[in-house]
Amino acid sequence: MLPVIYHRYADKTNYYLQAVGAPTAFTCLKHKDHTIARRRISGPFSAALLPRIEDKIDTWLHEWTDKLRDEFSETGESKNFNNQTIWLVYDMVSDITYGRPFGFLATSSDVNGIINCADSNELFQNAVNMIPSLLWLLKNTWLGHFVLPKRDHLQEAKRLAVLDEVDSSTGQGLNIPRMLLKAKAADGTSMTIDEVASESRILLTGGADPIVSTTIELLANIVGNPSCYEKLAAEINEAECNRQLSNPVATFEEAQSLPYLTACIRETFRGAETTITMIPRAAQKGGVQILGQFVPEGTHLSATPWITHRNRAMYGEDAEIFRPERWLEAGSEQLQQWKKYDFQFGYGSRACPGKTIAHMAIYKLSLQILRAFKLRRLNEDCARGDCFTRHVDDKSQRDLGLSIERLRGE
Ligand code: HEM
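This note's numbering numbers the first residue of the sequence shown as 50 and each following residue consecutively.
Okay, structure coming up:
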């Protein structure tokens, strides 16, 4: 069914209507407009940039682990472990995106409310996604004051995205706004400052937030399943003893060579809540037959990974359960099928261009934490047996109640 809904000529529906800021590749409704917009943002996702991105991630992970060791694990304190992870990822992604960190870790705070702005955007987006006509009401009445993202946060994101960075001639490093401003469409036109600001902001929030959520879900799944944690710790320990992992930070390639870690990451992606919402497309011209039923043109059709990744015909009777071993037991035909219907990063021509960057960040960050610290649940009542972690995308649930102890790297 996925190829029928997410074919290359599928238009997005008004579920994606945008309240503020210039339209982006992500919010283009018509597939023809999207083709142009996607080409214009392709530069930052080129494979040639990956080594530079990995260098940035290494620097951040090295400094962060040292800081955590000093400030945190020596006292046995556990509070703010989640905040530390969220701030690290937002600093890391802002450094990758804008050529400098926004200072979340340095100030131990949500600088200019940017993370909060991403959350209020989400609240608004969820409402409009379900009832698109709400957009008019929210934009034109006092109701919008409470729900729409605050203007000053967006202005701030824009200032940081463009004015502050592009006007300075000094920065020679990775700077995506600058890269986007230089990019030309096939007809020779460039993006406007507003378009660059919107695209850059989406890269920051659309990139950082799912990386944080998935990493926290991964750690919660591991700590919540002691036998998995034991196997993973043994695998990492063996790799350390065999000198398979670089210091102070393992390379992406080294991290991917650990089979059980890979299985845990794949299994977390399978059950993750990062894309629990719909990803709708309009039924094509002339309508379409789905499961023997005629669906008229323009009907909103959607699948969600939350459902497809729990399909028992595909993953077995225990599809609801976090069991990384399934990825090690599966034959090549089975793995091929799972790969084909892997939906966490979307499907078809509008699938996520940041998939490799996200994988790189999640592999390296989770391995770095597991190498350096022993994670423990503070509240044993939270132990969840073999179930998937629930609702970590909800901010209030993000606090895993984990404590960390120094493990290596004295
Ligand atoms: C675990 C991490 C991530 C997940 C689960 C994820 C998921 C997704 C999904 C499901 C879509 C398609 C949405 C749709 O069809 O409506 C998407 C699109 C997109 N993602 Fe990601 N993403 C992640 C990380 C990133 C990162 C790190 C970046 C950038 C650095 C990024 C940039 C984008 C962009 C620009 C689009 C719009 C693509 C288009 O419409 O052509 N994502 N992402």
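Quick reminder that beta carbons are idealized off the backbone N, C-alpha and C, glycines included. Here the structure is a predicted model, which is why all the values come from computation and not from measurement.
Rounded Cβ spacing between residue i and residue j (contact assumed at less than 8 Å)
i, j, result
"G320", "F371", "6 Å"
"C277", "P373", "6 Å"
"A86", "A74", "4 Å"
"P308", "L377", "6 Å"
"I90", "L229", "7 Å"
"L154", "K413", "Actually they are not in contact, since the Cβ atoms of L154 and K413 sit about 17 Å apart, beyond 8 Å."
"L252", "I225", "6 Å"
"I135", "V261", "5 Å"
"T263", "I106", "15 Å between Cβ atoms; not a contact."
"M363", "Q386", "7 Å"
"V138", "A257", "5 Å"
"Y55", "Q333", "11 Å between Cβ atoms; not a contact."
"G313", "I285", "The amino acid occupying residue 313 in the given sequence is Cys; Gly does not appear at that position. About 11 Å separates the two Cβ atoms, so there is no contact after all."
"F392", "A352", "7 Å"
"E279", "Q293", "Contact doesn't hold; Cβ gap of about 19 Å is too wide."
"H408", "Y64", "With a Cβ gap of about 27 Å, H408 and Y64 do not count as contacting."
"Y405", "L98", "The sequence given here places Thr at residue 405; Tyr does not occur at that position. Not confirmed; about 10 Å, so no contact."
"I356", "V53", "Actually they do not touch by this definition, with Cβ atoms about 16 Å apart."
"A246", "S239", "So it is not a contact: roughly 14 Å between Cβ atoms."
Nearest candidate by alpha-carbon position, reference residue i, set the options
i, options, result
"T114", "A232, M363 and A299", "A299"
"N131", "D107, S157, D144 and W109", "S157"
"K79", "R330, P226, C313 and K388", "R330"
"Y390", "N189, N360 and Q293", "N360"
"R375", "E316, A410, G403 and P150", "E316"
"D60", "P402, S143 and G397", "G397"
"L51", "L419, A400, S415 and T190", "A400"
"G237", "F318, P150, R292 and R88", "R88"
"L227", "P93, C77, E382 and K423", "According to the sequence displayed, residue 227 carries Arg and not Leu. Nearest option by C-alpha distance: P93."
"E488", "E322, L99 and M240", "No statement about residue 488 is possible, as the shown extent of the chain runs from 50 to 459 and does not include it."
"F394", "A234, Q133, M327 and I242", "M327"
"E248", "P402, T62, H56 and V53", "P402"
"E112", "E382, P297 and F392", "P297"
"E103", "L223, D82, L66 and E382", "L223"
"N165", "M240, D243, T254 and K81", "T254"
"K116", "I418, E303 and A379", "I418"
"A460", "Y147, T84 and V53", "Residue 460 lies beyond the range of the chain shown here (50 to 459); nothing can be said about it."
"R101", "M141, R118, E346 and D119", "M141"
"A421", "E244, P259, D119 and S381", "D119"
"S415", "I265, K81 and R149", "I265"
"L424", "Q305, T311 and G273", "G273"
"I163", "G148, S143, R149 and S182", "S143"
"T108", "T76, A96 and I145", "I145"
"Y147", "A96, R250, R426 and E244", "R250"
"T62", "A96, I180, R149 and F151", "I180"
"L66", "S182, Q133 and S381", "S182"
So within the region 265-339, which uninterrupted alpha helix (DSSP H) runs reach at least 4 residues, ignoring any that extend past its ends? Counting only runs that start and end inside the region 265-339, the alpha helix (DSSP H) elements of at least 4 residues fall at 275-290, 301-305 and 308-320.
Can you list, in chain order, the stretches of the beta strand (DSSP E) that have 3 or more residues and sit fully within the region 50-90? You should have found no qualifying run.
Completely contained alpha helix (DSSP H) runs for the region 222-246, where each covers 4 or more residues: Those alpha helix (DSSP H) runs which fall completely within the region 222-246 and span 4+ residues are 225-231.
Ranges of the beta strand (DSSP E) found wholly within the region 337-418, counting only runs of at least 3: Runs of the beta strand (DSSP E) inside the region 337-418: 337-339 and 342-344.
Entirely within the region 108-168 and at least 4 residues each: give me those alpha helix (DSSP H) ranges in chain order. The region 108-168 contains these whole alpha helix (DSSP H) runs: 130-147 and 153-156.
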